[in-house]
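**Student:** Have a look at this one.
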Amino acid sequence: QPVTKVIEYTDSLMLLACSYGLLQLNKYTGVYTLLVEKYLVNDVLVHNGQIWLGTVGYGLIFFDPATKEQKHFTVEDGLLSNHVNSIIYADGHFWLGTENGLCRFSPESGNVIAYSNHLPLIASSFNANSHYLLHDGRLAMGTNNGLVLFKPSQMAQKQLDGQIYFQNISVLGRSVRDIPSFKLCKPVDQLHNLRLKYSQNSITVELMPVGEVANAMFSWKLEGVDPDWTQPSNHRLVSYNNIPFKKYELKIRMYDSSLSQLIAERVLNIQILPPFWAKWWFFAIVFLLLSVLIYAMFWYYIYRLKQQHIEDKVRFFTNTAHDIRTSLTLIKAPVEALRDEKNLSERGRQFIEMANEQAQRLNATVTQLMDFQKADIRKEKVFLTMVNLPEIISQRIGMFSSLAATKNIQIKTKFKTKHYESAVDIVQIEKVVDNLVSNAIKYSHNKSIVEVAFSADDKQWVLTVKDYGIGVSKRDQKLLFKEFFRAENAINSKIVGSGVGLLLVKNIVKLHDGEISFTSEENLGSIFTVIVPHKKLVDTNDEALSLLPNAEIIDGNDQIEPGEDFEKVSGENNNKAQKILIVEDNEDLMHFLRLSFVDIYDVSSAANGVEAWEKIQNELPDLVISDVMMPKMGGFELCKLVKSTFETSHVPVVLLTAFDDKAMQLRGLGFGADDYLTKPFDMGLLHQKIRSIIQNRTAVREKALRLIQTDQNAPVLNNLLNDEFLHTMLSVVKKNLDNPEFNKDDFARAMKVSGSLLYKKVKALTDLSPVDFIKSVRMGHALELLQKGGYSVTEVSDKCGYTSAGYFSTVFKKYY
């Protein structure tokens, strides 16, 4: 095979550069070894025991004979060419003769400096293995242009000077010089900004290097299109097609041929203008037209819908009110009959009074809803009659004196006249007064004042009701007269209300051609003002003066307070085995539930989820009964918190709510609730569900504990996954009975679960912690060994994982 170079490596070894790689030859034995293969090697250099190869097409190759490591250095690392024909070491560097010029290579850092732009070396191709270091320190290297002599220490990289010149710019294949719309009056190279129409979105820039630059390399990047710079190349055309309308910066860089110097950089600003349909004013016009069209269609649809359903709504409300009132009659009659029973217990009398009051409240609510609906759809008829308004208003205020007294509230009146007649519907005006005064008392603070003022003239009369109560926040004031709306602070205050009273008042005032307004500030109070124009009847008759039936007024402040007997009963049952926590923000319902369970369980209560969570953590009840809708924290959040905390995850949770749709029930069960009941619920059913949950939990734990003692393989639990987990727990512990180092962490790792999950599962299945479960299994095994006989206490202690017989005896005695 051809050998291009032979060098002495050691006293006995030579290196041969061949056409297929590098050979190592023992000159005494003739044995050769192929060190590097698959390369045509032109030159070889040994430096500090390491071998460097100049190859054809693969650049400079580093080879370490000790580790067989190879590294390649190519044009990507700065070489002028991948054809390295000669290598020589001088002045601390390698001097590489390539087909495109001379390079200096640092073997320590790998840095490359190219000298292709030095005038004597331009376009020089160095010959293979043609170099020599002269005695005076100069290097002699052969090239296609003759011999080159230079002193390495005097060779410095020359800083090149050059510029990027725009030879031409084309848009859609046409030069900007030939496009009349550009009106070009200066050379193309002087263009710094290019403004194009949205249809002129294809551009080509022709580049040319100017200055002392040979074989210049260009790289470019269009900001907003290209994420990175293009690979430097000798391409002179920069082209982009179908550019979206936007502002761009075309950045261009020029390097020398070795890519070691950035010679010049230039920026061309390009703006592609958007079409008219993409401009902001076009979008604004379209949006406005669409908004008007959608609004008109929506308004027309709502109008038609109201017309079509107005009769159905009236019929529905009428039928519903009839059904509710029929049921209320059937409820109130037996309740009132039971109330007169002589042998009725005190607690039973409390239940009867509570049921009777709630039935009356429901009847009043139904009546008010019917009045609101009739006024809302303008079906309410107004029967006008001339009345003395100050007298009527005074009578209605007097009816609320007892209600005000319960909260130590003083009602002050200020009438500018005691006699003022105007034509009004007396029944409807009484509803207005009743609602405004009852609301003022209901939402006032204890020991405060409610002021009612009346003034009138020939044109109108004005009624003003002022309180110093909780007020209305600015956020809720806009919605106060909306259907079924109640302010947030009113809801949090636990004051009962339906949210239709003020809307009813507004509709009644409108029926009298009047207006109602209010001013309010949170925690300072509210002022409601009713202004109605004065009217006078000329001719009246009995039929025209007929009055509508009086509406019952909802008093949301009436609440049943727990009596002395209840406190006494609850105090006597604090030591019952099963603890139940009732979470309910309605005091009446909470009171009723406590009375229902206090004889059977140890009952405690909480008014919201936050308070309940504190009690659950401190008391760990056996069961939690929780409402869903509560302030601060609702039932869903409480259930999720209980079931996701491993200390409390075994506590059963029963949710109570007024939502009867399946989606809400599935949501509650999804949070881990053990059961779900909708209001109104049957107390017998609730009792049975609670009893079943507690009994099932107890039965499951007893079965699990029996499994520890009997070591049976038969299924213990109905749930196959839980049963398998329980048997696996027992198997793991029994395998480690004689291991004194076995603890809860080892237990969790053997079960392939986290420590918290292991605790939850063991606690739920056996009512034991993992440590107590391990102790139970060991104690059961110890009892079995002692009963069989044949083992001393010390031997039993060792077999059960106790290193001290004395400690084992103490634990055994305490356990049994």
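So the sequence shown is residues 799 to 1614, counted in the numbering used here.
Ideal Cβ positions, reconstructed from N, Cα and C, are used throughout, including at glycine.
Because the structure is a prediction, the values reported are computed rather than measured.
(1) For Trp1411, report the span of its alpha helix (DSSP H) as first-last.
(2) Using a Cβ distance threshold of 8 Å, determine whether the region 1022–1032 contacts the region 942–951, with at least three qualifying pairs required.
(3) Work out the CA separation of Lys803 and Leu900 for me, nearest whole Å.
(4) Less than 8 Å between C-beta atoms, sequence neighbours within five positions excluded: which residues of the same chain meet that for Asp1340?
(5) Consult DSSP for Asn1154 and reduce its assignment to one of helix, strand or coil.
(6) Which residues does DSSP pair with Glu1313 in a beta bridge?
(7) State buried or exposed for Lys1334, treating a residue as buried only when at least 16 other CB atoms are found within 10 Å of its CB.
(8) Using only the alpha-carbon positions, how far apart do Phe1571 and Leu1535 sit?
(9) Using alpha carbons as the reference points, say which of Lys866, Thr1446, Ser1324 and Asp1472 lies closest to Asp1565.
(10) Whole angstroms is fine: what's the gap from Ser1552's alpha carbon to Ala1546's?
(11) Taking Ser968 as the reference, give the member of Tyr1614, Ser1000 and Asp1110 with the closest Cα.
(12) Under 9 Å, do Ala1580 and Phe1610 count as touching if we go by C-beta distance?
(13) When you compare only the Cα positions, how much space is there between Leu994 and Arg972?
(14) Give the DSSP-derived three-state secondary structure of Val842 in the structure shown.
(15) If I follow the unbroken beta strand (DSSP E) through Asp1265, where does it start and stop?
(16) Select from Gly1312, Ser1271, Thr1327 and Leu1309 the residue whose C-alpha is nearest the C-alpha of Glu1319.
(17) So what does DSSP say about Pro1007, is it helix, strand or coil?
(18) Looking at the unbroken beta strand (DSSP E) that takes in Asn1186, where does it start and where does it end?
(19) By the DSSP assignment, the alpha helix (DSSP H) with Leu937 in it spans what residues?
(20) Among Asp809, Val986 and Leu878, which residue has its Cα nearest to the Cα of Asp1054?
(21) Let's see if you can read the secondary structure: which residues bound the alpha helix (DSSP H) around Phe1610?
(22) Can Tyr1266 and His1243 be called in contact, C-beta distance under 9 Å?
(23) Could you spell out the range, first to last residue, of the alpha helix (DSSP H) harbouring Ile977?
(24) If I measure Cβ to Cβ from Leu1345 and keep anything under 7 Å in the same chain, skipping five residues before and after, which residues do I get?
(25) Which one of Gln1059, Arg1273 and Glu1151 has the shortest CA to CA distance from Ile911?
(26) Can you round the beta-carbon distance between Val1003 and Val1036 to whole angstroms, since I take them to be within the 8 Å contact cut?
(27) Indicate whether Ile1050 and Ile977 have their beta-carbon atoms separated by less than 9 Å.
(28) Measure from the alpha carbon of Asp1256 to the alpha carbon of each residue in Ile1329, Phe1316 and Leu1057, then state which is nearest.
(29) Candidates Val1594, Ser1529, Phe1523 and Ala1254: which alpha carbon is nearest Val1560's?
(30) Classify Arg1495 as helix, strand or coil using the three-state DSSP reduction.
(31) Rounded to the nearest angstrom, what separates His1485 and Pro1419 at their Cα positions?
(32) Just confirm the distance between the C-beta atoms of Phe1016 and Ser1031, as a whole number of angstroms; I'd bet it's less than 8 Å.
(33) Closer than 8 Å to a non-hydrogen atom of the ligand GTP - does that hold for the CB of Thr1592?
(34) According to the neighbour-count rule (16 or more other Cβ atoms, all chains shown, within 10 Å of its Cβ), is Trp1078 buried or exposed?
(35) Measure the CB-CB distance between Asp875 and Gly895 and report whether it falls below 9 Å.
(36) Going by beta carbon distance, what residues of the same chain come within less than 7 Å of Pro1072, once the five residues before and after it are set aside?
**Tutor:** So, to answer that:
(1) For Trp1411, the enclosing alpha helix (DSSP H) starts and ends at Gly1407 to Glu1417.
(2) No, because fewer than three Cβ pairs between the region 1022–1032 and the region 942–951 fall closer than 8 Å, the two stretches do not touch.
(3) Taking the straight line joining both Cα atoms gives about 20 Å.
(4) In this prediction, Asp1340 scores a pLDDT of 40, lower than 50, which makes its location untrustworthy; the coordinate-derived value is nonetheless stated afterwards. So no residue of the chain qualifies.
(5) Helix.
(6) Residue pairing from DSSP places Glu1313 in a beta bridge opposite Ile1329.
(7) When all chains shown are included, Lys1334 counts as exposed.
(8) Roughly 12 Å between the two C-alpha positions.
(9) It is Thr1446 whose Cα lies nearest to the Cα of Asp1565.
(10) Between the C-alpha atoms of Ser1552 and Ala1546 there is a straight-line separation of about 6 Å.
(11) The shortest C-alpha separation from Ser968 is found at Ser1000.
(12) Cβ distance < 9 Å, so Ala1580 and Phe1610 count as in contact.
(13) Roughly 13 Å between the two C-alpha positions.
(14) Under the three-state reduction of DSSP output, Val842 falls in the strand class.
(15) It spans Gln1258 to Asp1265 - the beta strand (DSSP E) in which Asp1265 sits, taken as one unbroken run.
(16) Closest option to Glu1319, Cα to Cα, is Ser1271.
(17) Under the three-state reduction of DSSP output, Pro1007 falls in the strand class.
(18) Here the beta strand (DSSP E) through Asn1186 covers Thr1183 to Asn1186.
(19) No alpha helix (DSSP H) holds Leu937; the beta strand (DSSP E) holding it covers Leu937 to Thr941.
(20) Considering only alpha carbons, the answer is Leu878.
(21) Ala1603 to Tyr1613 is the extent of the alpha helix (DSSP H) around Phe1610.
(22) By the CB criterion at 9 Å, Tyr1266 and His1243 fall inside the cutoff.
(23) Looking at the DSSP string, Ile977 is not in any alpha helix (DSSP H), and its letter there is neither H nor E.
(24) Unreliable placement is indicated for Leu1345, whose pLDDT of 34 sits below 50; no coordinate value is reported for it.
(25) The residue with the shortest Cα to Cα distance from Ile911 is Gln1059.
(26) Contact flag correct, Cβ pair sits at about 4 Å.
(27) Cβ distance not < 9 Å, so Ile1050 and Ile977 don't count as in contact.
(28) Comparing Cα-Cα distances from Asp1256 to each of Ile1329, Phe1316 and Leu1057, the minimum goes to Ile1329.
(29) Sorting Val1594, Ser1529, Phe1523 and Ala1254 by C-alpha distance to the C-alpha of Val1560 places Phe1523 at the top.
(30) Here Arg1495 sits in helix by DSSP.
(31) One alpha carbon belongs to His1485, the other to Pro1419, and they sit about 17 Å apart.
(32) Contact holds; Cβ gap of about 7 Å.
(33) This structure simply doesn't include the ligand GTP, nor any ligand for that matter.
(34) So Trp1078 counts as exposed.
(35) Contact flag unset, no.
(36) Counting only residues of its own chain and dropping the five nearest sequence neighbours on each side, Pro1072 has a CB closer than 7 Å to the CB of Tyr996 and Phe1043.
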